[in-house]
Amino acid sequence: MATYAIGDIQGCYQSFKRLLKEINFKPSRDTLWLAGDLVNRGKGSLDVLRYVIDLGKASKQVLGNHDFHLLAAAEGLRKLRNSDTLEEVIKAPDAKALIDWLSQQPLLHYDKHLGYVMTHAGIPPIWKLKKAQMLAAEIEKLLSSKARKEFLENLFGNEPLCWSDDLEGEDRHRSIVNYFTRMRFCQADGSLDFTSKNDVASAPKGYAPWFSYPSKVTKDTEIIFGHWAALEGHTGVKSIHALDTGCVWGNHLTAMRLEDRKKFKVAAVKQDLI
Numbered sequence: 526m527a528t529y530a531i532g533d534i535q536g537c538y539q540s541f542k543r544l545l546k547e548i549n550f551k552p553s554r555d556t557l558w559l560a561g562d563l564v565n566r567g568k569g570s571l572d573v574l575r576y577v578i579d580l581g582k583a584s585k586q587v588l589g590n591h592d593f594h595l596l597a598a599a600e601g602l603r604k605l606r607n608s609d610t611l612e613e614v615i616k617a618p619d620a621k622a623l624i625d626w627l628s629q630q631p632l633l634h635y636d637k638h639l640g641y642v643m644t645h646a647g648i649p650p651i652w653k654l655k656k657a658q659m660l661a662a663e664i665e666k667l668l669s670s671k672a673r674k675e676f677l678e679n680l681f682g683n684e685p686l687c688w689s690d691d692l693e694g695e696d697r698h699r700s701i702v703n704y705f706t707r708m709r710f711c712q713a714d715g716s717l718d719f720t721s722k723n724d725v726a727s728a729p730k731g732y733a734p735w736f737s738y739p740s741k742v743t744k745d746t747e748i749i750f751g752h753w754a755a756l757e758g759h760t761g762v763k764s765i766h767a768l769d770t771g772c773v774w775g776n777h778l779t780a781m782r783l784e785d786r787k788k789f790k791v792a793a794v795k796q797d798l799i
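In this note's numbering, each number is its position in the sequence shown, counted from 1, plus 525.
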């Protein structure tokens with residue numbers, strides 16, 4: 526019986542199945558934690574969603590920025606880009622069930638017993654764990670309500686760049702989602718930068734990787750995140766684990782066994798790539 530956290534799958538179904546074989550995953554015995562971005566850019570987004578849904582309680586997943594993009598596109602609120610591979614999902618006969626399931630997934634998963642919390646992009650240094658849980662729950666409530674379409678319609682954008690407890694409405698919701706799903710570089714006060722997606726050396730002046738600041742969360746638990754392929758799975762911080770290793774870019778898909786932090790990886794399967 527083991528728990529494995531896996532970085533961004535992004536529709537790389539064959540690579541995902543290869544990794545599950547590598548770790549000898551048994552859904553009757555083991556549990557997966559999936560760090561968001563289940564879909565997009567790889568060729569098998571539909572297969573990934575169906576497989577994960579079928580796992581039921583054997584899989585815990587959080588939403589990433591590409592998952593939000595799918596939710597909005599399925600509502601007709603965002604146009605698909607040339608690099609997107611989501612049309613197959615949107616046109617699938619079971620599309621409504623898939624989208625409804627996706628909209629019910631959390632932004633944050635925490636297991637006190639195992640001692641880990643997982644979000645797609647991380648948790649900013651300005652938030653404690655309880656704060657992060659509370660803010661994630663705000664968004665989860667909206668996504669599972671009749672207000673989902675209105676929420677998604679006003680979700681996308683960069684502003685505001687810095688969190689404030691005084692934020693309200695669309696700005697508040699957008700800020701929460703951006704921290705959980707798009708964050709890379711920030712300032713000590715939590716101000717975000719979205720201009721750079723490269724490695725830590727590319728930090729804009731006055732900014733640093735969010736995990737380089739003292740964390741209010743790691744006093745209580747370790748953090749698992751994906752989203753940032755340029756890190757190649759390394760943060761340099763013992764209690765903060767980066768698991769996106771760029772499978773969709775032809776690199777690797779990585780899993781970490783939470784009980785002993787052992788990592789497993791497989792090379793991307795070419796059939797997954799556009």
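Backbone N, C-alpha and C define an ideal beta-carbon position, used for all residues, glycine too. Treat the numbers as computed from the prediction; the structure is a model and nothing was measured.
Cutoff 8 Å; reference residue i; Cβ partners in own chain excluding five residues on either side
{"i": "E784", "result": "A527, T528 and L639"}
{"i": "K637", "result": "T746"}
{"i": "K674", "result": "E600 and L602"}
{"i": "R699", "result": "N679, L680, F681, G682, E684 and P685"}
Proximity to residue i [Cα-Cα], best of the options
{"i": "P618", "options": "L596, L580, R575 and T644", "result": "R575"}
{"i": "K671", "options": "K655, S721, N683 and S628", "result": "S628"}
{"i": "L595", "options": "L611, K582 and R606", "result": "L611"}
{"i": "V564", "options": "A657, S689 and D533", "result": "D533"}
{"i": "P631", "options": "D718, V791, F705 and H777", "result": "F705"}
{"i": "G581", "options": "D592, S608 and K551", "result": "K551"}
{"i": "K788", "options": "G731, H766, K653 and W774", "result": "H766"}
{"i": "K795", "options": "G775, G694, S570 and D690", "result": "G775"}
{"i": "L717", "options": "V791, C687 and I701", "result": "C687"}
Per-residue DSSP class, three states only, for residue i
{"i": "K671", "result": "coil"}
{"i": "A646", "result": "coil"}
{"i": "L544", "result": "helix"}
{"i": "K795", "result": "helix"}
{"i": "H766", "result": "strand"}
{"i": "W558", "result": "strand"}
{"i": "R782", "result": "strand"}
{"i": "F681", "result": "coil"}
{"i": "A622", "result": "helix"}
{"i": "K656", "result": "helix"}
{"i": "F801", "result": "Past the boundaries of the shown model lies residue 801; the chain is included only from 526 to 799, so the question cannot be answered."}
{"i": "H759", "result": "coil"}
{"i": "A848", "result": "Only positions 526 to 799 of the chain appear in the structure, and residue 848 is not among them; the question remains open."}
{"i": "K666", "result": "helix"}
{"i": "A530", "result": "strand"}
{"i": "H752", "result": "coil"}
{"i": "H634", "result": "strand"}
Neighbourhood of residue i by C-beta distance below 6 Å, restricted to the same chain and skipping five residues each side
{"i": "I615", "result": "A599"}
{"i": "S740", "result": "P650"}
Short Cβ contact (9 Å threshold) for residue i with residue j
{"i": "W626", "j": "I578", "result": "yes"}
{"i": "E743", "j": "P729", "result": "Position check: residue 743 holds Thr in this sequence, whereas Glu was assumed. Not a contact, by the Cβ cut-off of 9 Å."}
{"i": "G561", "j": "T644", "result": "yes"}
{"i": "G589", "j": "L798", "result": "no"}
{"i": "L557", "j": "Q539", "result": "no"}
{"i": "M708", "j": "H777", "result": "no"}
{"i": "V507", "j": "F541", "result": "Nothing about residue 507 can be reported from this structure: the residues present for the chain run from 526 to 799 only."}
{"i": "V791", "j": "R543", "result": "yes"}
Same chain, Cβ closer than 7 Å to residue i, five either side skipped, listed in chain order
{"i": "L677", "result": "L596, A597, E600 and L602"}
{"i": "A733", "result": "F710"}
{"i": "S727", "result": "S721"}
{"i": "A755", "result": "K722, N723 and D724"}
{"i": "A530", "result": "W558, A560, M643, I749, L768, A780, M781 and L783"}
Chain B contact for residue i (CB, 9 Å cutoff)
{"i": "K790", "result": "The chain inventory of the structure shown lacks chain B, comprising one protein chain alone."}
Uninterrupted beta strand (DSSP E) stretches inside the stretch 704-750 (no shorter than 3 residues): 747-750
Contiguous beta strand (DSSP E) assignments of at least 3 residues, all confined to the stretch 578-605: Correct list: 584-586.
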